[in-house]
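Engineer: In the numbering used here, the protein residues as written are -14 to 203. Note that beta-carbon positions come from the ideal geometry of N, C-alpha and C, so glycine has one too. If you're wondering where the values come from, they're calculated on a predicted model, not measured in any experiment. Questions regarding the structure given below will be posed in turn.
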(Lines of atoms letter the chains of each structure in order from A and count residues from 1; the text may use other names and numbers.)
(Lines give C-alpha, C1' and ligand atoms only; values in the text may rest on other atoms or scores of the structure.)
Protein backbone atom coordinates (compact mmCIF):
# COMPACT_ATOMS: atom_id res chain seq x y z
CA UNK A 1 0.00 0.00 0.00
CA UNK A 2 1.18 3.54 -0.67
CA UNK A 3 1.25 5.41 2.62
CA UNK A 4 1.73 9.17 2.48
CA UNK A 5 3.28 9.44 5.95
CA UNK A 6 4.45 7.34 8.89
CA UNK A 7 3.37 8.61 12.32
CA UNK A 8 4.99 6.87 15.24
CA UNK A 9 5.28 7.05 19.01
CA UNK A 10 8.68 7.43 20.68
CA UNK A 11 8.74 5.84 24.16
CA UNK A 12 8.82 2.02 24.02
CA UNK A 13 8.19 2.23 20.28
CA UNK A 14 11.32 3.85 18.83
CA UNK A 15 13.42 4.22 21.97
CA UNK A 16 13.78 2.81 25.47
CA UNK A 17 15.97 2.78 28.56
CA UNK A 18 18.60 0.10 29.11
CA UNK A 19 20.76 -0.96 32.07
CA UNK A 20 19.86 1.16 35.06
CA UNK A 21 17.48 3.09 32.85
CA UNK A 22 13.77 3.58 33.28
CA UNK A 23 12.28 4.28 36.66
CA UNK A 24 14.78 2.09 38.54
CA UNK A 25 17.80 4.15 37.52
CA UNK A 26 15.93 7.42 37.93
CA UNK A 27 14.65 6.50 41.40
CA UNK A 28 18.18 5.69 42.61
CA UNK A 29 19.22 9.35 42.13
CA UNK A 30 16.80 10.28 44.90
CA UNK A 31 16.82 7.14 47.04
CA UNK A 32 20.55 7.46 47.69
CA UNK A 33 19.77 10.88 49.18
CA UNK A 34 17.43 9.32 51.71
CA UNK A 35 14.09 9.90 49.97
CA UNK A 36 11.91 6.78 50.44
CA UNK A 37 11.22 4.65 47.38
CA UNK A 38 7.46 4.90 47.91
CA UNK A 39 7.61 8.71 47.88
CA UNK A 40 9.75 8.82 44.75
CA UNK A 41 7.49 6.33 42.96
CA UNK A 42 4.30 8.16 43.92
CA UNK A 43 5.64 11.54 42.79
CA UNK A 44 6.97 10.05 39.57
CA UNK A 45 3.62 8.50 38.64
CA UNK A 46 1.75 11.66 39.54
CA UNK A 47 4.04 13.79 37.40
CA UNK A 48 4.08 11.37 34.47
CA UNK A 49 0.32 10.92 34.18
CA UNK A 50 -0.58 14.61 34.58
CA UNK A 51 1.00 16.43 31.65
CA UNK A 52 4.03 14.24 31.12
CA UNK A 53 7.21 13.94 33.15
CA UNK A 54 9.67 16.78 33.59
CA UNK A 55 12.33 17.09 36.26
CA UNK A 56 11.09 20.50 37.41
CA UNK A 57 7.54 19.20 37.90
CA UNK A 58 8.94 16.20 39.73
CA UNK A 59 10.80 18.56 42.07
CA UNK A 60 7.50 20.37 42.66
CA UNK A 61 5.77 17.09 43.54
CA UNK A 62 8.51 16.21 46.02
CA UNK A 63 8.22 19.67 47.58
CA UNK A 64 4.49 19.06 48.11
CA UNK A 65 5.49 15.95 50.05
CA UNK A 66 7.64 18.09 52.35
CA UNK A 67 11.03 17.01 50.98
CA UNK A 68 13.17 19.94 52.15
CA UNK A 69 16.36 18.54 50.62
CA UNK A 70 15.55 20.09 47.25
CA UNK A 71 15.29 23.61 48.64
CA UNK A 72 19.08 23.78 48.45
CA UNK A 73 20.10 25.16 45.04
CA UNK A 74 23.41 23.27 45.02
CA UNK A 75 21.66 19.94 45.53
CA UNK A 76 19.17 20.66 42.75
CA UNK A 77 22.04 21.46 40.36
CA UNK A 78 23.80 18.26 41.38
CA UNK A 79 20.66 16.20 40.77
CA UNK A 80 20.10 17.88 37.39
CA UNK A 81 23.64 16.92 36.38
CA UNK A 82 23.17 13.30 37.49
CA UNK A 83 19.81 13.16 35.74
CA UNK A 84 21.32 14.32 32.44
CA UNK A 85 24.16 11.79 32.78
CA UNK A 86 21.68 8.99 33.47
CA UNK A 87 19.57 10.05 30.50
CA UNK A 88 22.56 10.11 28.12
CA UNK A 89 23.81 6.71 29.28
CA UNK A 90 20.48 4.89 29.43
CA UNK A 91 18.34 6.04 26.50
CA UNK A 92 18.83 4.21 23.20
CA UNK A 93 16.88 3.34 20.07
CA UNK A 94 15.69 -0.20 19.54
CA UNK A 95 18.01 -1.97 17.06
CA UNK A 96 15.39 -1.95 14.28
CA UNK A 97 14.37 1.71 14.64
CA UNK A 98 17.08 3.63 12.78
CA UNK A 99 17.44 1.13 9.89
CA UNK A 100 13.67 1.05 9.29
CA UNK A 101 13.24 4.82 9.41
CA UNK A 102 16.30 5.31 7.19
CA UNK A 103 14.84 2.87 4.66
CA UNK A 104 11.57 4.81 4.64
CA UNK A 105 13.31 8.14 4.13
CA UNK A 106 15.18 6.79 1.10
CA UNK A 107 11.71 6.18 -0.34
CA UNK A 108 10.64 9.73 0.52
CA UNK A 109 8.07 8.67 3.14
CA UNK A 110 7.69 11.53 5.68
CA UNK A 111 8.19 10.42 9.29
CA UNK A 112 6.46 12.26 12.11
CA UNK A 113 7.10 11.32 15.74
CA UNK A 114 3.92 11.91 17.76
CA UNK A 115 4.69 11.54 21.44
CA UNK A 116 2.93 12.21 24.74
CA UNK A 117 4.68 14.16 27.48
CA UNK A 118 6.37 17.37 28.46
CA UNK A 119 7.45 19.18 25.30
CA UNK A 120 11.02 20.02 26.32
CA UNK A 121 11.74 16.62 27.89
CA UNK A 122 10.35 14.61 24.95
CA UNK A 123 12.34 16.68 22.47
CA UNK A 124 15.49 16.23 24.57
CA UNK A 125 15.04 12.45 24.57
CA UNK A 126 14.54 12.40 20.81
CA UNK A 127 17.59 14.63 20.36
CA UNK A 128 19.73 12.23 22.39
CA UNK A 129 18.42 9.07 20.69
CA UNK A 130 18.73 10.73 17.27
CA UNK A 131 16.23 8.76 15.15
CA UNK A 132 15.67 9.80 11.53
CA UNK A 133 12.51 11.92 11.32
CA UNK A 134 10.94 14.87 9.55
CA UNK A 135 8.72 16.32 12.27
CA UNK A 136 7.92 16.02 15.98
CA UNK A 137 4.55 16.66 17.58
CA UNK A 138 4.42 16.53 21.39
CA UNK A 139 0.98 15.88 22.86
CA UNK A 140 0.37 17.10 26.45
CA UNK A 141 -2.49 14.69 27.21
CA UNK A 142 -2.78 10.91 27.03
CA UNK A 143 -4.94 9.35 24.33
CA UNK A 144 -5.25 12.55 22.30
CA UNK A 145 -3.14 11.99 19.20
CA UNK A 146 -6.07 12.10 16.77
CA UNK A 147 -5.69 15.83 16.08
CA UNK A 148 -2.05 15.31 15.15
CA UNK A 149 -3.11 12.50 12.81
CA UNK A 150 -5.62 14.83 11.17
CA UNK A 151 -2.87 17.41 10.73
CA UNK A 152 -0.68 14.84 8.96
CA UNK A 153 -3.60 13.80 6.74
CA UNK A 154 -4.19 17.43 5.77
CA UNK A 155 -0.50 17.97 5.15
CA UNK A 156 0.42 14.79 3.26
CA UNK A 157 -2.85 13.16 2.27
CA UNK A 158 -3.95 9.68 3.19
CA UNK A 159 -3.63 7.03 4.13
CA UNK A 160 -1.05 7.41 6.89
CA UNK A 161 0.27 4.68 9.13
CA UNK A 162 0.36 5.04 12.93
CA UNK A 163 2.44 2.84 15.28
CA UNK A 164 2.27 2.93 19.09
CA UNK A 165 2.97 0.55 21.97
CA UNK A 166 -0.19 1.74 23.78
CA UNK A 167 -3.38 0.22 22.44
CA UNK A 168 -5.33 3.01 24.17
CA UNK A 169 -3.67 5.58 21.90
CA UNK A 170 -4.61 3.57 18.82
CA UNK A 171 -8.16 3.13 20.10
CA UNK A 172 -8.46 6.87 20.66
CA UNK A 173 -7.75 7.53 16.99
CA UNK A 174 -10.64 5.26 16.02
CA UNK A 175 -12.93 6.74 18.65
CA UNK A 176 -12.18 10.18 17.21
CA UNK A 177 -13.71 9.02 13.93
CA UNK A 178 -10.60 8.35 11.84
CA UNK A 179 -11.14 5.30 9.67
CA UNK A 180 -8.72 2.58 8.61
CA UNK A 181 -8.73 4.07 5.11
CA UNK A 182 -7.40 7.30 6.61
CA UNK A 183 -5.10 5.99 9.36
CA UNK A 184 -3.87 2.39 9.45
CA UNK A 185 -3.05 1.54 13.06
CA UNK A 186 -0.42 -0.92 14.30
CA UNK A 187 0.34 -1.97 17.86
CA UNK A 188 4.01 -2.75 18.41
CA UNK A 189 4.58 -5.22 21.20
CA UNK A 190 8.00 -4.29 22.56
CA UNK A 191 9.12 -6.77 25.25
CA UNK A 192 9.87 -4.05 27.81
CA UNK A 193 6.78 -1.91 27.23
CA UNK A 194 4.83 -1.33 30.47
CA UNK A 195 1.61 -1.38 28.43
CA UNK A 196 1.75 -4.96 27.13
CA UNK A 197 -1.36 -5.97 29.09
CA UNK A 198 -3.57 -3.18 27.73
CA UNK A 199 -6.61 -4.55 25.94
CA UNK A 200 -7.81 -2.95 22.70
CA UNK A 201 -11.40 -1.97 21.99
CA UNK A 202 -10.72 -1.78 18.25
CA UNK A 203 -8.86 -3.98 15.80
CA UNK A 204 -5.24 -2.99 15.06
CA UNK A 205 -2.38 -4.63 13.26
CA UNK A 206 0.09 -6.41 15.56
CA UNK A 207 3.86 -6.36 15.11
CA UNK A 208 6.90 -7.20 17.22
CA UNK A 209 9.41 -5.07 15.30
CA UNK A 210 9.27 -2.19 12.85
CA UNK A 211 10.91 -4.36 10.18
CA UNK A 212 7.63 -6.26 9.90
CA UNK A 213 6.06 -3.10 8.45
CA UNK A 214 8.31 -2.93 5.40
CA UNK A 215 6.05 -5.15 3.24
CA UNK A 216 3.27 -2.62 3.92
CA UNK A 217 5.25 -0.11 1.85
CA UNK A 218 5.92 -2.44 -1.08
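Let me know the secondary structure DSSP gives residue 45 once reduced to three states.
Structural biologist: Here residue 45 sits in helix by DSSP.
Engineer: Using 8 Å as the threshold, is the stretch 104 to 112 in touch with the stretch 19 to 39, meaning 3 or more CB pairs across them?
Structural biologist: Counting Cβ pairs under 8 Å, three or more are found: they touch.
Engineer: With distances taken between CB atoms, is the gap from residue -4 to residue 100 smaller than 8 Å?
Structural biologist: A contact, by the Cβ cut-off of 8 Å.
Engineer: Can you tell which of 72, 117 and 51 has the C-alpha that lies nearest to the C-alpha of residue 89?
Structural biologist: It is 117 whose Cα lies nearest to the Cα of residue 89.
Engineer: Mind checking which residues open and close the beta strand (DSSP E) that includes residue -8?
Structural biologist: Element bounds for residue -8: -10 to -7.
Engineer: Among the candidates 98, 57, 113 and 183, whose CA atom is the shortest distance from the CA of residue 145?
Structural biologist: It is 98 whose Cα lies nearest to the Cα of residue 145.
Engineer: Check this for me: beta carbons of residue 81 and residue 194, under 8 Å apart or not?
Structural biologist: Yes, Cβ-Cβ distance for residue 81 and residue 194 is below 8 Å.
Engineer: Do residue 54 and residue 18 count as a contact pair if the criterion is CB distance below 8 Å?
Structural biologist: Yes, the pair counts as a contact, with Cβ atoms nearer than the cut-off.
Engineer: Hey, out of 130, 61 and 30, whose CA is closest to residue -8's CA?
Structural biologist: Residue -8 has its Cα closest to that of 130, out of 130, 61 and 30.
Engineer: What are the complete alpha helix (DSSP H) segments, minimum 4 residues, inside the stretch 82 to 169?
Structural biologist: Complete alpha helix (DSSP H) runs here, min 4: 82 to 91, 104 to 114, 131 to 141 and 152 to 160.
Engineer: For residue -13, count the other beta carbons within 10 Å of its own beta carbon; 16 or more makes it buried, fewer makes it exposed. Which is it?
Structural biologist: So residue -13 counts as exposed.
Engineer: Could you check if residue 0 is buried or exposed, using at least 16 other CB atoms within 10 Å of its CB as the buried criterion?
Structural biologist: Flag for residue 0 reads buried.
Engineer: What's the C-alpha gap between residue 28 and residue 128?
Structural biologist: Roughly 21 Å separates the two Cα atoms.
Engineer: Below 8 Å on the Cβ atoms is my guess for residue 44 versus residue 61; work out the distance and round it to an integer in Å.
Structural biologist: Yes, residue 44 and residue 61 are in contact; Cβ-Cβ is about 7 Å, under 8 Å.
Engineer: Ignore the nearest five residues each way along the sequence and tell me which others in residue 78's own chain have a CB closer than 7 Å to its CB.
Structural biologist: Result list for residue 78: -1, 0, 114 and 116, in chain order.
Engineer: Give the DSSP-derived three-state secondary structure of residue 54 in the structure shown.
Structural biologist: Of the three classes helix, strand and coil, the one that applies to residue 54 here is helix, per DSSP.
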